[in-house]
Amino acid sequence: MAGQGRFAIPRSGLWLIALTCVAVAACAAWIGTFTHPQADDYVYGNLARDHGVFGGMVEYYMTWNGRIVASAFCFLALDADIPLGVYRALPAALLLGLFLAFRAFVGALVPRGVPGTNRWLMAAMLTLLYFTGMTSLREGMYWASGSLNYQPSHMLGLLLAALLLRRPVPRWAIWLAAPLALAMAMANESGMLVEAMALAAGVAWAFSTRAPNRFVWAAALAGCALGMALDLAAPGLRVRSVTEADSSGQAHDLLWSFAGSFHYAGIAMLRLASNPAFWGVLILGLPWQVRADGSLRRRLCRWWVAAVPLLWFGFAAAALFPVQFATGINVPGRIMNVSGWVLVAGLLPACACLASLLLRLAPGRRLLARLPGRTVVTLAVLAVVLGLFLNQNALRLLRDLPDAAQYDREMTALYKMLRDARDGENLRLPRLATRPRTITYHEIPQDPNDWHCRVLAEYYDLQSVASVPK
């Protein structure tokens, strides 16, 4: 990395970042061991009990949505019994899966000269930047139905990107690209639209530059198209759209959905940029992407250098469009998480293009030459360390840790009451005294006709279930 050695991370900085990442990940995994099934989890349990796992997947496809891959994850993990051990292992397993997927992505993105230790640490930083920057941690990681509908899609997307960006292109890539793209498209509609747009842009780039992997990009786009057809053809998707659109006058309003998508993408961007770790990761990672003279380490046509940052933000908005257009509702936290994932995954490539454009100008190169490298790197390391601990989600997680055991005891007592109740009983449950927001998605409503109460009553063979009034 000629001319940029002064931006190398010292060994002490590597250790400090590593210990920080381990500490944050350990807290995230530990609080996950106190989670309990909630809300839609019982929908999957009821369907699996009535139709079996495979039959439940078919029933879900016919009556609610087309997310074949996400549904498979949900039904296999929850089954008819909703095993608590599996449920509590999911947050740690998903965090590990994201980390390994980010590692594959970083491995394909950065040049070969970067040490393996740095690659692993960059993967950890990106993973935890995404995790701590989520709009809703409880929907994104600690509620099985929410996490399994979205996190596998993110892992598949990172693995697909790692395959398409890999140099040199392996011979078997064309056979793996299509199945990966197919699986991601059938995970959820938000990720599907992002994937389709990204692959279309990639195919345009690959064929315009006669890239050696252009046919791999084309195979991935074909797999994505097939997955889109299978998802959007689901009878259940139309049922869901009509059902949820009944409560909103904005469903299928193209302009409202388009404007709203960019509005919420801007909110996601501001949320991410307010985290000091965002800037720390950029400072530490950009020298691996941009040379001191402003040229990118990966060759791009000049107009693609300007297009990539625009596409980056456009993809973040595209992640939000399907739910707004189909249902007319404001974007829920778990969908905002998808936009955040797009922004984190595209962080280094998009900002590298912006830095390259800036460093093409003489003032930009002079500014870079005058920067005190060791001081800048030290500040970046501190920004990562402080940013991963002092953001809203991490602080809430740390505050919730002491209450998690009490919440677990209260929920265990509630579920014992549900299991011990007589068949056909009208059961009224006490309200929770402790609700750590990191891991609590729904509280049992007071109205026995609420859908949450009805699925709970069905699962435990009761006449009705509700919590006592406040």
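In terms of my numbering, the sequence shown has 255 at position 213, counting the first letter as 1, and numbering is strictly consecutive. Every residue gets a Cβ at the ideal spot worked out from N, C-alpha and C, and that includes glycine.
Here Cys343 is exposed: its Cβ has fewer than 16 other Cβ atoms, across all protein chains shown, within 10 Å. Of Gln193, Thr420, Ala204, Gly244, the smallest CA-CA separation from Met228 is found for Gln193. Per DSSP, the unbroken beta strand (DSSP E) holding Val507 starts and ends at 506 to 509. Counted as a single uninterrupted DSSP element, the beta strand (DSSP E) harbouring Asn468 occupies residues 468 to 471. In this structure, Tyr84 places its C-beta atom within 7 Å of the C-beta atom of Val497. Close CB contacts of Val152 within its chain, under the 6 Å cut and outside five residues either way in sequence, are with Trp330 (chain order). The straight-line gap separating the alpha-carbon atoms of Ala348 and Ala165 is approximately 26 Å. Under the three-state reduction of DSSP output, Leu338 falls in the strand class. With 16 or more neighbouring CB atoms inside 10 Å of its own CB, Gln366 falls in the buried class. Note on Ser54: under 16 other CB atoms within 10 angstroms of its CB, so exposed under the neighbour-count rule. For the pair Gln80 and Tyr449, the CB atoms are not nearer than the 7 Å cut-off. Ser195 is positioned such that its CB atom lies closer than 7 Å to that of Met226. By the criterion of at least three beta-carbon pairs nearer than 8 Å, the segment 318 to 334 is not in contact with the segment 359 to 374. For the set Pro472, Gly415, Lys458, Ile481, the Cα lying nearest the Cα of Leu443 is the one of Ile481.
In the DSSP assignment, Ala146 falls within the unbroken alpha helix (DSSP H) covering 126 to 151. The C-alpha of Ala387 is placed about 32 Å away from the C-alpha of Leu126.
Distance between Leu421 and Ala361, taken at the CA atoms: about 33 Å. DSSP, read as helix, strand or coil, puts Val347 in helix.
With respect to the C-alpha of Asp273, the residue from Leu224, Ala307, Cys395 having the closest C-alpha is Leu224. With a beta-carbon spacing of about 4 Å, Gly375 and Thr177 fall inside the 8 Å limit used to define contacts.
Linking Trp214 to Leu118 through their CA atoms gives a straight-line distance of about 29 Å.
With a cutoff of 7 Å on beta-carbon distance, Pro133 and Met167 are scored as not near each other. Pairing Leu89 with Ala186, the inter-Cα distance amounts to about 16 Å. In chain order, Ala223, Trp259, Ala262, Leu263, Cys266 place their CB closer than 8 Å to the CB of Leu241, counting only its own chain and leaving out the 5 sequence neighbours on each side. Contact between the segment 95 to 115 and the segment 229 to 236 is established, with three or more Cβ pairs separated by less than 8 Å. Beta-bridge annotation (DSSP): Val332 is paired with Leu338. Take the alpha-carbon of Ser299 and the one of Asp82: they are about 26 Å apart. If you draw a straight line from the Cα of Gly370 to the Cα of Asn160, it is about 44 Å long. For the segment 346 to 407, the continuous alpha helix (DSSP H) assignments of 4+ residues that do not extend past its boundaries occur at 363 to 369, 375 to 387, 389 to 401, in sequence order. A check of alpha carbon separations from Trp345 across Ala275, Trp247, Leu424, Pro277 identifies Trp247 as the nearest.
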